Amino acid sequence: MPKTAVKTSELNTLHASVLNTHMVDNQLRTAGVFAAPVLDAFLSVQRGAFVPAASQSIAYSDSIISIGAGRFMLAPLVLGKILQALPNVNGKSVAVYGAATGYSVALLAHMGAQVVAVQSHPEIAQFARNALASTGFVSIPVVECGIEAPEMQKQFEIIIIEGSVHAVPQVILDKISEGGQLLTIIGAGHMGSVTRFIKTDGNVSRTTLFEASAPVVPGFEAPDQFVF
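Residue numbers (the working numbering): 15 to 242.
Okay, here's the thing in structure tokens:
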């Protein structure tokens with residue numbers, strides 16, 4: 015017998031770390047996510063810390079996790095491929111709309127981004143703040159507002175809309191800085207594609223990158239309704 019008993023909390027932490035590593039090795043690496051900064055972020059930031067208690071049993075599965083009020087966390091592989099499709103984010107200003115529980119912004123912060131989370135649902139925004147604080151990302155702002163709020167009037171070098179949309183509203187395209195880009199999933203259900211929008215000389219072009227599925231971000235169900 016060991017002379018010193020291992021605390022239950024330590025065992026839980028070790029178990030979560032093992033599950034998180036398995037998630038990276040079996041879901042991301044085997045499906046083409048190979049960028050070192052992305053893999054390092056996924057290995058360092060445990061997904062389970064951002065998953066509500068009721069869904070802990072699937073915290074490390076390759077699945078979308080519903081977090082209530084129509085909000086959700088993207089499947090790890092889809093999120094990993096989106097992050098890999100970004101340019102070097104180190105030192106870049108990044109905004110994540112529909113940021114769910116803060117997992118994606120924690121990953122981006124670990125990769126060196128100066129990131130802002132946008133989540134208008136009060137309870138989910140508070141969950142994100144708590145999860146970020148508990149994992150050491152205390153400086154990441156979680157802005158509780160819609161897309162046209164004064165708090166989000168500045169432009170960003172990178173924007174992510176975390177989920178699928180039927181259309182990207184002009185008010186968000188206007189927030190892309192010159193030379194910057196936006197990534198999101200265009201389409202709904204199993205018919206979506208991750209799409210990159212790049213602003214050059216004030217004009218925005220778009221390129222389809224790869225197929226992906228995710229629920230529609232609340233408020234993007236119709237082109238004329240853009241409220242999270």
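Positions of the beta carbon are idealized from the N, C-alpha and C atoms, including for glycine.
For clarity, every value in this text was computed on a predicted model and none was experimentally measured.
Inter-residue Cα distance where the pair is residue i and residue j
{"i": "Gly201", "j": "Gln41", "result": "23 Å"}
{"i": "Val218", "j": "Ile172", "result": "13 Å"}
{"i": "Val152", "j": "Phe141", "result": "13 Å"}
{"i": "Met166", "j": "Ile154", "result": "14 Å"}
{"i": "Ala49", "j": "Gly82", "result": "32 Å"}
{"i": "Val132", "j": "Asn26", "result": "30 Å"}
{"i": "Gln98", "j": "Thr222", "result": "15 Å"}
{"i": "Leu91", "j": "Val230", "result": "18 Å"}
{"i": "Glu225", "j": "Val208", "result": "6 Å"}
{"i": "Ile175", "j": "Asn34", "result": "24 Å"}
{"i": "Phe64", "j": "Thr214", "result": "36 Å"}
{"i": "Val47", "j": "His124", "result": "17 Å"}
{"i": "Gly206", "j": "Ala181", "result": "12 Å"}
{"i": "Ser227", "j": "Ile199", "result": "8 Å"}
{"i": "Gln60", "j": "Pro51", "result": "15 Å"}
{"i": "Gly150", "j": "Gly94", "result": "21 Å"}
{"i": "Pro101", "j": "Leu197", "result": "11 Å"}
{"i": "Gly62", "j": "Gly193", "result": "35 Å"}
{"i": "Ala67", "j": "Arg143", "result": "16 Å"}
{"i": "Val129", "j": "Ile96", "result": "15 Å"}
{"i": "Arg210", "j": "Arg220", "result": "5 Å"}
{"i": "Leu187", "j": "Thr44", "result": "34 Å"}
Chain D within 8 Å of residue i, Cβ atoms only
{"i": "Val230", "result": "The structure shown contains no chain D, having only a single protein chain."}
First and last residue of the uninterrupted alpha helix (DSSP H) at residue i
{"i": "Lys95", "result": "90-98"}
{"i": "Arg61", "result": "Segment: none, Arg61 is in no alpha helix (DSSP H) and carries neither H nor E."}
{"i": "Glu137", "result": "136-148"}
{"i": "Gln184", "result": "184-187"}
Sequence-distant residues of the same chain with beta carbon closer than 7 Å to residue i, five excluded per side
{"i": "Ser77", "result": "Ala89"}
{"i": "Val103", "result": "Leu122, Met125, Gly126, Ala127, Ile172"}
DSSP state of residue i mapped onto helix, strand, coil
{"i": "Gln128", "result": "strand"}
{"i": "Tyr74", "result": "coil"}
{"i": "Val218", "result": "strand"}
{"i": "Gln169", "result": "coil"}
{"i": "Ala228", "result": "strand"}
{"i": "Val179", "result": "strand"}
{"i": "Met37", "result": "helix"}
{"i": "Thr115", "result": "coil"}
{"i": "Ser153", "result": "coil"}
{"i": "Val47", "result": "coil"}
Residues near residue i by beta carbon distance below 6 Å, same chain, minus five either side
{"i": "Leu57", "result": "Val38"}
{"i": "Val119", "result": "Val110, Ala113, Val129, Ala131, Ile154"}
Extent of the continuous beta strand (DSSP E) run through residue i
{"i": "Ala109", "result": "107-111"}
{"i": "Glu192", "result": "190-200"}
{"i": "Ser80", "result": "79-82"}
{"i": "Met283", "result": "For the chain, the structure presents residues 15 to 242; residue 283 sits outside this window and is missing."}
Sequence-distant residues of its chain with Cβ nearer than 8 Å to residue i (five each side left out)
{"i": "Ile138", "result": "Ile81, Gly82, Ala83, Arg85, Ala114, Thr115"}
{"i": "Ser31", "result": "Gln60"}
{"i": "Gly105", "result": "Gly126, Ala127, Gln128"}
Cβ-Cβ separation, residue j to residue i (assumed contact under 8 Å), whole Å
{"i": "Phe6", "j": "Val157", "result": "Residue numbering for the chain in the displayed model covers 15 to 242; residue 6 lies beyond these limits and cannot be assessed."}
{"i": "Ser148", "j": "Phe170", "result": "Going by Cβ atoms, the distance from Ser148 to Phe170 rounds to 26 Å, so no, they are not a contact pair."}
{"i": "Tyr74", "j": "His36", "result": "7 Å"}
{"i": "Met87", "j": "Tyr111", "result": "Not confirmed; about 14 Å, so no contact."}
{"i": "Ser69", "j": "Ile79", "result": "5 Å"}
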